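Asker: The structure under discussion is supplied below as structure tokens; questions concerning it will follow.
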Amino acid sequence: MAGWNPWHGCRKYSAGCLHCYVYRRDAKYELDASAVRKNAAFDLPVRKKRDGSYVLKGPDEVACCFTSDFFLDAADDWRAEAWRMMRERTDLHFFFITKRILRFYERLPEDWGQGYENVTIGVTCENQAAADERMPFFQRLPIRRKIIVCEPMLEAIDLSPYLQGIAQVAAGGESGEDARLMRYEWALSLRAQCMAAGVPFWFRQTGARFEKDGKVYRILRRHQSAQARKSALSWAGLQEE
Ligand code: SF4
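Per the numbering used here, the very first residue in the sequence shown carries number 640; after that it's consecutive.
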């Protein structure tokens, strides 16, 4: 999987942003993460080598904009060009996760139609308020592949009214020194909702503070995915016979 960060930096937006990893990482280098800037790698998807072939080889998946938010207002002037590059590279599948899905129509290309075939959009729902604000809008949008990301999951969330047309729900806790607690029961409940709706569920990682059976565990970053796997909560969805 390739990575593409067309711009860097972000502004805090909702409860899930409190311990944003972009801010934490930039602070280590005494950088201001709220100073949004276009990256040197802005044109990476269409950049070519001397022989005329693309630097990014297809077919491949490309994770985009993971040090910012694709629909950030400070990036409005750059977004049309980012969409154009995605449209050009039909041999790549782009995906990004946003909290600002309500800004979806800002600089949306005219030829978007029912969505580009090669773009997946994920929306973060860290708590019930975010789900209730973002999901009814997200459900109505013309996007070919939609996923929901409950990360960092801050409380029990009822997604059951919003699961129609969703390709996957992913969940996980918060990382870092000051991580907020994630509970096993919250993931279990999301899994049950997904199973009832036939939507694959991926318990991605536990976060740094995870509670199960009344005990709180401190889990190092490098063990968080493995611990989530051990819980066997992920569900691949209904398999065809
Ligand atoms: S939207 Fe994402 S990148 Fe932006 S401040 Fe919030 S957590 Fe950080």
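Even glycine gets a Cβ: it sits at the ideal position worked out from N, Cα and C. In this text the structure is predicted, and so the values were computed from the model without any measurement.
Can you tell me which of the three DSSP states VAL694 falls into?
Answerer: Of the three classes helix, strand and coil, the one that applies to VAL694 here is coil, per DSSP.
Asker: Going straight from the alpha carbon of ASP699 to that of SER707, what length do you get?
Answerer: Roughly 22 Å between the two C-alpha positions.
Asker: Nearest-angstrom Cα distance between GLY837 and ARG689?
Answerer: C-alpha separation (whole angstroms): 47 Å.
Asker: Taking the alpha-carbon of LEU793 as reference, which of ASP730, PHE735, ALA847 has the nearest alpha-carbon?
Answerer: Comparing Cα-Cα distances from LEU793 to each of ASP730, PHE735, ALA847, the minimum goes to ALA847.
Asker: Just how far apart, CA to CA, sit ALA679 and CYS659?
Answerer: Straight-line Cα distance between these residues: approximately 23 Å.
Asker: Report the three-state DSSP secondary structure of LYS677 (helix, strand or coil).
Answerer: Strand at LYS677.
Asker: If you drop the 5 nearest sequence neighbours on each side, which residues of the same chain put their C-beta closer than 8 Å to that of LEU747?
Answerer: Excluding positions up to five away in sequence, the list reads TRP722.
Asker: Check this for me: beta carbons of ARG783 and GLN803, under 8 Å apart or not?
Answerer: No, these two residues do not count as a Cβ contact at 8 Å.
Asker: Hey, how far is the Cα of LEU877 from the Cα of THR737?
Answerer: Going from the Cα of LEU877 to the Cα of THR737 covers about 27 Å.
Asker: For a quick check, are the C-beta atoms of ALA867 and PHE842 less than 8 Å apart?
Answerer: Contact flag set, yes.
Asker: Rounding to the nearest angstrom, what Cα-Cα distance links TYR744 and PRO645 in this structure?
Answerer: TYR744 and PRO645: Cα-Cα distance of roughly 19 Å.
Asker: Looking only at its chain, what residues have a beta carbon closer than 6 Å to the beta carbon of ASP665, apart from the 5 residues adjacent to it on each side?
Answerer: So the list reads ALA672, once near-sequence residues are dropped.
Asker: Could you tell me if PHE709 is buried or exposed, where buried requires 16 or more neighbouring beta carbons within 10 angstroms of its beta carbon?
Answerer: PHE709 is buried by the Cβ-count criterion.
Asker: With H, G and I counted as helix, E and B as strand and the rest as coil, what does DSSP make of HIS862?
Answerer: Helix.
Asker: Would you mind listing the alpha helix (DSSP H) stretches within the region 802–837 that are 4+ residues and don't spill past its ends, in chain order?
Answerer: As far as the region 802–837 is concerned, its whole alpha helix (DSSP H) runs of at least 4 residues are 823–836.
Asker: By the 10 Å Cβ neighbour count, where 16 or more other Cβ atoms means buried, how is PHE776 classified, buried or exposed?
Answerer: Classification of PHE776: exposed, given that the 10 Å Cβ count is below 16.
Asker: Closer than 7 Å: is that where the CB of GLY655 sits relative to any heavy atom of the ligand ZN?
Answerer: Only the ligand SF4 can be found as ligands here, which leaves the ligand ZN out of the picture.
Asker: Can you grab the Cα-Cα spacing for the pair THR759 / VAL701, in whole Å?
Answerer: Computed Cα separation, rounded: 10 Å.
Asker: By Cβ distance, which residues of its chain are closer than 8 Å to ALA831, with the 5 residues on each side in sequence left out?
Answerer: Nothing meets the Cβ criterion.
Asker: Is the beta carbon of CYS764 less than 8 Å from the beta carbon of MET774?
Answerer: Yes, the Cβ-Cβ distance between CYS764 and MET774 is below 8 Å.
Asker: Out of MET725, LYS677, PHE733, point me to the one whose CA is closest to ASP715's CA.
Answerer: Comparing Cα positions, the closest option is LYS677.
Asker: Residues in the same chain with beta-carbon distance under 8 Å from GLU850, minus the five sequence neighbours each way, listed in chain order, please.
Answerer: Only LEU820, MET821, ARG822, TYR823, TYR856 meet the Cβ criterion.
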